[in-house]
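Participant: My questions will all concern the structure given below.
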């Protein structure tokens, strides 16, 4: 036996797989029952909800770019120290580094 207020509650507007309207009462303030998405309003609005860890933030990307450039330069200096022949792009980078040292 259902209480009177539940019997008079508005019904869910969803249709079931058989095509009939759902007979469950709608969640208060919504048009659907708990089984058809009435309880979940989705994620709150705002960009902070998408923030997970910051590994791809603009600041992290610029730091990664700097670290990669330093690593590339250190590898280049290691090749020079070992006496390994350099590729043309490595020679160009070496010239850029030496010009930067002369100017500063």
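Residue numbers (the working numbering): 229 to 332.
The beta carbon of each residue, even a glycine, is placed where N, CA and C say it ideally should be.
When you compare each of 326, 253 and 286 to residue 301 by their alpha carbons, which one comes out closest?
Facilitator: For the purposes of this step, residue 301 is identified with residue 73 of the chain shown, where counting begins at 1. Of 326, 253 and 286, the residue nearest in Cα terms is 326.
Participant: May I ask you to report which of helix, strand or coil DSSP gives residue 239?
Facilitator: Along the chain shown, read from residue 1 onward, the residue named residue 239 stands at position 11. Strand.
Participant: Select from 310, 243, 328 and 247 the residue whose C-alpha is nearest the C-alpha of residue 260.
Facilitator: For the purposes of this step, residue 260 is identified with residue 32 of the chain shown, where counting begins at 1. Residue 260 has its Cα closest to that of 243, out of 310, 243, 328 and 247.
Participant: Near residue 306, what residues of its chain come up, given a Cβ to Cβ distance below 7 angstroms and the 5 sequence neighbours on each side ignored?
Facilitator: Locating residue 306 in the chain shown gives position 78, counting from the first residue. None.
Participant: Given that a residue counts as buried once 16 or more other Cβ atoms are within 10 Å of its Cβ, and exposed if not, what is residue 292?
Facilitator: In the chain shown, residue 292 corresponds to position 64, counting from 1. It counts as exposed.
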